[in-house]
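Inspection log for the structure reproduced underneath, given as structure tokens.
In the numbering used here, the protein residues as written are 18 to 388.
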């Protein structure tokens with residue numbers, strides 16, 4: 018019987034893998050590898066087969082041997098993916114340093130590796146990757162968005178706002194609406210399970226406390242109360258809490274908490290226009306990005322606040338070059354200059370504007386007081 022050639026054995030191994038005979042396939046490839054330890058197609062096939070069956074640790078030695086025989090971008094990308102999926106950020110960093118010249122002009126590798134470093138709480142190490150990716154692909158909004166998230170995580174707030182502003186488009190006055198009610202119907206059940214939702218409510222309350230220390234909450238109006246998460250974190254001194262939300266499903270969750278004195282359903286501005294009561298404090302945590310023109314909001318808040326009342330809220334950020342910009346369909350960001358101007362028009366004075374993490378990227382957390 019004539020012995021199979023190298024090429025015939027290789028094709029047979031590929032065929033066996035395709036029909037699910039994994040062990041037989043890998044056995045043939047290992048025989049080929051023993052015969053020629055520098056056979057890159059065989060090394061690459063062994064690495065790929067191990068990866069495809071979820072054995073990433075088994076794949077890595079073959080990727081490394083493949084690279085020692087000859088460096089290719091494809092193998093570097095695959096090895097990096099294996100390190101990412103294993104959570105081995107140290108190995109990923111070492112690979113990036115070794116292959117710097119090869120990967121430094123590949124925005125896809127830089128973005129993926131940078132994002133994964135940020136996702137594993139290594140924001141400072143992720144920034145060079147994400148910044149370079151954004152430089153290589155300046156018209157890719159996601160790259161600037163991810164860079165802004167890494168920068169705010171690394172406590173570089175002004176740079177984070179600058180990066181965020183590069184992912185937006187100018188607002189022309191049109192207000193393309195999205196299905197907010199449908200969106201929150203989908204997320205209402207698990208809303209409180211998302212740690213991000215807890216974080217921005219807690220940040221807003223901290224900013225409120227920093228801006229007006231020792232002030233006791235009394236009567237509160239919450240714009241966009243959602244499931245009532247913010248109200249659960251308010252001190253007991255808040256003796257009256259009203260909430261407004263456009264989503265009936267979110268209001269059902271808020272109602273079930275038994276915290277609110279009144280819950281009102283509808284568009285924020287429309288509902289506020291129908292309220293005659295006054296309040297000591299108005300809160301709005303991560304809600305106003307749904308509204309482009311905030312002038313009606315400020316006008317109504319100023320009317321509803323008692324003398325020396327406080328308005329504490331958060332928005333997605335824009336640089337002062339524009340008042341308002343579009344981030345996504347039906348979502349907007351606002352500049353500090355714009356917020357300050359609106360506040361001055363309705364008799365509110367600034368107590369605090371801080372840049373902190375908002376919805377992963379940065380946001381402006383603001384506290385204004387009625388004169």
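Quick reminder that beta carbons are idealized off the backbone N, C-alpha and C, glycines included.
Delimiting residues of the alpha helix (DSSP H) encompassing residue i
{"i": "residue 159", "result": "158 to 170"}
{"i": "residue 42", "result": "39 to 52"}
{"i": "residue 67", "result": "57 to 69"}
{"i": "residue 324", "result": "Here residue 324 belongs to no alpha helix (DSSP H); instead the beta strand (DSSP E) covers 322 to 332."}
{"i": "residue 86", "result": "73 to 86"}
{"i": "residue 148", "result": "140 to 153"}
{"i": "residue 250", "result": "Here residue 250 belongs to no alpha helix (DSSP H), and DSSP marks it neither H nor E."}
{"i": "residue 136", "result": "124 to 136"}
{"i": "residue 390", "result": "With the chain covering only 18 through 388, there is no way to say anything about residue 390."}
{"i": "residue 198", "result": "197 to 204"}
{"i": "residue 174", "result": "174 to 182"}
{"i": "residue 216", "result": "212 to 228"}
{"i": "residue 30", "result": "23 to 35"}
{"i": "residue 106", "result": "106 to 115"}
Length of the line joining the Cα atoms of residue i and residue j
{"i": "residue 18", "j": "residue 25", "result": "Note that residue 18 scores a pLDDT of 48, beneath 50, so its modelled location is shaky and nothing firm can be said."}
{"i": "residue 42", "j": "residue 139", "result": "39 angstroms"}
{"i": "residue 50", "j": "residue 58", "result": "10 angstroms"}
{"i": "residue 134", "j": "residue 98", "result": "12 angstroms"}
{"i": "residue 373", "j": "residue 136", "result": "17 angstroms"}
{"i": "residue 180", "j": "residue 54", "result": "47 angstroms"}
{"i": "residue 241", "j": "residue 168", "result": "28 angstroms"}
{"i": "residue 371", "j": "residue 171", "result": "15 angstroms"}
{"i": "residue 285", "j": "residue 72", "result": "53 angstroms"}
{"i": "residue 339", "j": "residue 332", "result": "14 angstroms"}
{"i": "residue 385", "j": "residue 67", "result": "59 angstroms"}
{"i": "residue 86", "j": "residue 79", "result": "11 angstroms"}
{"i": "residue 117", "j": "residue 274", "result": "54 angstroms"}
{"i": "residue 354", "j": "residue 388", "result": "19 angstroms"}
{"i": "residue 94", "j": "residue 193", "result": "39 angstroms"}
{"i": "residue 174", "j": "residue 379", "result": "7 angstroms"}
{"i": "residue 156", "j": "residue 35", "result": "40 angstroms"}
{"i": "residue 325", "j": "residue 229", "result": "11 angstroms"}
{"i": "residue 39", "j": "residue 101", "result": "24 angstroms"}
{"i": "residue 178", "j": "residue 356", "result": "15 angstroms"}
{"i": "residue 298", "j": "residue 91", "result": "57 angstroms"}
{"i": "residue 30", "j": "residue 104", "result": "30 angstroms"}
{"i": "residue 314", "j": "residue 304", "result": "12 angstroms"}
{"i": "residue 145", "j": "residue 335", "result": "23 angstroms"}
{"i": "residue 21", "j": "residue 37", "result": "21 angstroms"}
{"i": "residue 16", "j": "residue 252", "result": "With the chain represented from 18 up to 388, any question about residue 16 goes unanswered, as that position is not in the structure."}
{"i": "residue 7", "j": "residue 352", "result": "Beyond the ends of the chain as shown, which are 18 and 388, falls residue 7; an answer cannot be given."}
{"i": "residue 266", "j": "residue 195", "result": "17 angstroms"}
Which residues DSSP lists as bridging residue i, in chain order
{"i": "residue 262", "result": "282"}
{"i": "residue 187", "result": "342"}
{"i": "residue 335", "result": "352"}
{"i": "residue 239", "result": "260, 300"}
Span of the beta strand (DSSP E), counted from its first residue to its last, around residue i
{"i": "residue 386", "result": "379 to 387"}
{"i": "residue 374", "result": "365 to 374"}
{"i": "residue 297", "result": "296 to 301"}
{"i": "residue 95", "result": "No beta strand (DSSP E) holds residue 95; the alpha helix (DSSP H) holding it covers 90 to 103."}
From the options, residue whose alpha carbon lies closest to that of residue i
{"i": "residue 27", "options": "62, 146, 39", "result": "62"}
{"i": "residue 23", "options": "38, 48, 286", "result": "48"}
{"i": "residue 227", "options": "327, 190, 315", "result": "327"}
{"i": "residue 165", "options": "155, 156, 176, 157", "result": "176"}
{"i": "residue 81", "options": "104, 69, 109, 352", "result": "109"}
{"i": "residue 389", "options": "106, 352, 329", "result": "Because the chain is modelled from 18 through 388, residue 389 falls outside the range shown and cannot be assessed."}
{"i": "residue 212", "options": "112, 383, 377", "result": "377"}
{"i": "residue 88", "options": "60, 267, 106", "result": "60"}
{"i": "residue 264", "options": "221, 210, 201, 250", "result": "201"}
{"i": "residue 309", "options": "337, 270, 350", "result": "350"}
Cβ-heavy atom distance, residue i to the ligand FAD, below 7 angstroms
{"i": "residue 269", "result": "Because no ligand of any kind appears in the structure shown, any question about the ligand FAD cannot be addressed here."}
(message) Any contact between the segment 352 to 370 and the segment 306 to 319? By contact I mean 3 or more CB pairs, one from each, below 8 angstroms.
(response) Short answer: they touch.
(message) Across the segment 183 to 197 and the segment 292 to 301, are there enough close Cβ pairs to call them in contact, namely three or more that are closer than 8 angstroms?
(response) By the C-beta criterion, the segment 183 to 197 is judged not to be in contact with the segment 292 to 301, since fewer than 3 inter-stretch pairs fall below 8 angstroms.
(request) Could you say if the segment 258 to 275 and the segment 336 to 346 meet the contact criterion of at least three C-beta pairs nearer than 8 angstroms? (result) Taking 8 angstroms as the limit for Cβ pairs, the verdict is that the segment 336 to 346 does not touch the segment 258 to 275.
(message) Using a Cβ distance threshold of 8 angstroms, determine whether the segment 244 to 257 contacts the segment 346 to 359, with at least three qualifying pairs required.
(response) Cβ pair count under 8 angstroms is below three, so no.
(request) Assess, as a yes-or-no matter, whether the segment 143 to 161 is touched by the segment 117 to 128 under the definition of 3 or more beta carbon pairs within less than 8 angstroms. (result) Below 8 angstroms, enough C-beta pairs join the segment 117 to 128 and the segment 143 to 161 to call them touching: three or more.
(request) Spell out a yes or no on whether the segment 271 to 289 and the segment 214 to 221 are touching, meaning 3 or more CB-CB pairs, one atom from each, closer than 8 angstroms. (result) By the Cβ criterion, the segment 271 to 289 is not in contact with the segment 214 to 221, since fewer than three pairs of Cβ atoms, one from each stretch, lie closer than 8 angstroms.
(message) For the structure I just gave you, are there three or more beta carbon pairs, one from the segment 221 to 237 and one from the segment 250 to 257, closer than 8 angstroms?
(response) With a cut-off of 8 angstroms, the segment 250 to 257 and the segment 221 to 237 count as touching, because enough Cβ pairs lie within range.
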